[in-house]
Amino acid sequence: MRIATWNVNSAKQRVPRLLPWLDERRPDVVCLQETKLADGAFTELLGSELADRGYEVALHGEAAWNGVAILSRVGLDDVVAGLGDGAPGFPHPEARAVSATCGGTRVVSVYVPNGRTPDSQHYQYKLAWLASLHDMVAAGDPATTVVMGDINIAPSDDDVFDPDAYVGQTHVTPPERAALADLQAAGLHDVVRDHWPDERVFTYWDYRAGMFHQDLGMRIDLVLAGSAVAERVRAAWVDRKARKGKGPSDHAPVIVDLDEAPDGDVGPVVPPPSAPAPRRGTKKLPQSPGPS
DNA sequence: ATGGCTGAGTTGCTCAGA
0 MRIATWNVNS AKQRVPRLLP WLDERRPDVV CLQETKLADG AFTELLGSEL ADRGYEVALH
60 GEAAWNGVAI LSRVGLDDVV AGLGDGAPGF PHPEARAVSA TCGGTRVVSV YVPNGRTPDS
120 QHYQYKLAWL ASLHDMVAAG DPATTVVMGD INIAPSDDDV FDPDAYVGQT HVTPPERAAL
180 ADLQAAGLHD VVRDHWPDER VFTYWDYRAG MFHQDLGMRI DLVLAGSAVA ERVRAAWVDR
240 KARKGKGPSD HAPVIVDLDE APDGDVGPVV PPPSAPAPRR GTKKLPQSPG PS
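Numbering (numbering that gives the first Met the number 0), first residue to last: 0 to 291.
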C-alpha cells in the first residue's frame, strides 16, 4: 500500500499538477492540505476526476484558507472532521484535520497552524492545536494510526537549510519541537527521518529567490506512523519532481510504501509503481550561506 | 537585503504563508 501527503497550496490552482501526479505515482491513500476550497467546490472541481481514478474522498474544507482531504482507494470509513470536542480555534475553528480508516489504518490528514511569530496569539493557538491533536491520537489506537501532513515544525536543526536563518522564528522553537515530541511519545515514528538518518531532506522551499533551485528548504511535512504501520515501511521519500516545472506547490509530496499488513487487509493489489527509487547520492551538503 | 513569490478575496490592493 502506497500512502502519501501533499500540501498542494490551492487544489484549484494545482489541478494540472495533481491529476498527472496521481496517475504517475498511483498512491492508494493521499492526504492533502491547503485545498482552500469549501467541500462543495472541491467536489465540483475534482469529484468526478477522482472517482474515475477509484478514489473515495473525505473532505474538511472552507473557502479561501486551510482545507484538508483524504483520498483513498482502499476504503474510507468512520470519517471525522476536526479534532473532536474542545478542539481549539483562533479566532474561530478552522478546517485543519480530517480522519478516516483506510485499509485497516487510521489516517489523519493535518494542516498544523503556522504560528506566525513566537510572541503572537497564533503561536499559542498552534501549541494548543498540537496538544489537541495529541489527545485525539492518544485516545485512539496509536499503533495503527498514521498522522500525515504539513506539521509546520522542523523536528531538528538538520531539517532546515540554515539554523541561523531561523533564530527566533516559528517552526524551530523548543516548545513546538516539544509538542511534536509529545505527539511522537504517543507512539508515532517519523518514518522519513528513520529511513534517511543522515540525509539532507526537505519538503518545502520558498517560492522566492530560487530557494528550490539552491535546495534551501525545510522538512516540515511529515509521515508519523504508529509502530504497526512503521514496521511495514519499505520506502519513504520526498517527491522533489513534483516541486519542479510549471506551476508547482511550494511543498513536495512525501510518499511511503508499506508492506502488506499481517492480516492481509490492504485492499486491492496495485501494479508496481513507476516511481524511481528514493534519492541516493544526495550527501548532506555543507550549510550554504545562500545568495550573496 | 524580512524581501525576492504565489494565492485568495476585500482586487489593482491587502493579508497570509513559512
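All C-beta atoms, glycine included, are put in the ideal place defined by N, C-alpha and C.
Candidates the options: closest to residue i by CA position
i	options	result
residue 102	228, 244 and 253	228
residue 225	133, 157, 56 and 95	133
residue 160	45, 211, 121 and 33	211
residue 137	125, 155 and 107	107
residue 242	187, 205, 81 and 29	205
residue 256	187, 7, 26 and 95	26
residue 251	216, 19 and 203	203
residue 12	258, 88, 198 and 249	249
residue 43	173, 77, 154 and 14	14
residue 21	2, 8 and 38	2
residue 38	50, 68, 51 and 28	68
Pair within 7 Å by beta-carbon distance, residue i and residue j
i	j	result
residue 190	residue 150	no
residue 98	residue 79	yes
residue 214	residue 253	no
residue 200	residue 218	yes
residue 82	residue 0	no
residue 184	residue 131	no
residue 65	residue 94	yes
residue 34	residue 147	no
residue 109	residue 96	yes
residue 75	residue 57	yes
residue 54	residue 36	no
residue 129	residue 178	yes
residue 186	residue 141	yes
Exposed unless 16 or more other CB atoms sit within 10 angstroms - verdict on residue i
i	result
residue 170	buried
residue 192	buried
residue 245	exposed
residue 48	exposed
residue 208	exposed
residue 167	exposed
residue 10	buried
residue 17	buried
residue 291	Note that residue 291 has pLDDT 30, beneath the 50 cutoff, so the model's placement of it is unreliable and the number below is only indicative. With fewer than 16 other Cβ atoms within 10 Å, it is exposed.
Continuous alpha helix (DSSP H) stretch holding residue i: start and end
i	result
residue 242	Counting along the chain, residue 242 falls outside any alpha helix (DSSP H), and DSSP gives it neither H nor E.
residue 192	190 to 194
Endpoints, the beta strand (DSSP E) within which residue i is located
i	result
residue 228	Taken as a continuous stretch (DSSP letters only), residue 228 belongs to no beta strand (DSSP E), being part of the alpha helix (DSSP H) at 226 to 229.
residue 205	Neither: residue 205 is in no beta strand (DSSP E) and is coded neither H nor E.
residue 5	1 to 6
heavy atom of the ligand GDP below 6 Å from residue i C-beta
i	result
residue 91	Looking at this structure, you won't find the ligand GDP or any other ligand, since it has none at all.
Quick check for students: name the residue ranges of the beta strand (DSSP E) that lie wholly in the region 116 to 183, counting only runs of 3 or more.
Unbroken beta strand (DSSP E) stretches of 3 residues or longer found wholly inside the region 116 to 183: 144 to 149, given in chain order.
At 4 residues or longer, and completely inside the region 17 to 62: list those alpha helix (DSSP H) runs for me, N to C.
38 to 51
Give, in chain order, every unbroken run of the beta strand (DSSP E) that is at least 3 residues long and sits entirely within the region 74 to 110.
As far as the region 74 to 110 is concerned, its whole beta strand (DSSP E) runs of at least 3 residues are 76 to 80, 96 to 101 and 104 to 110.
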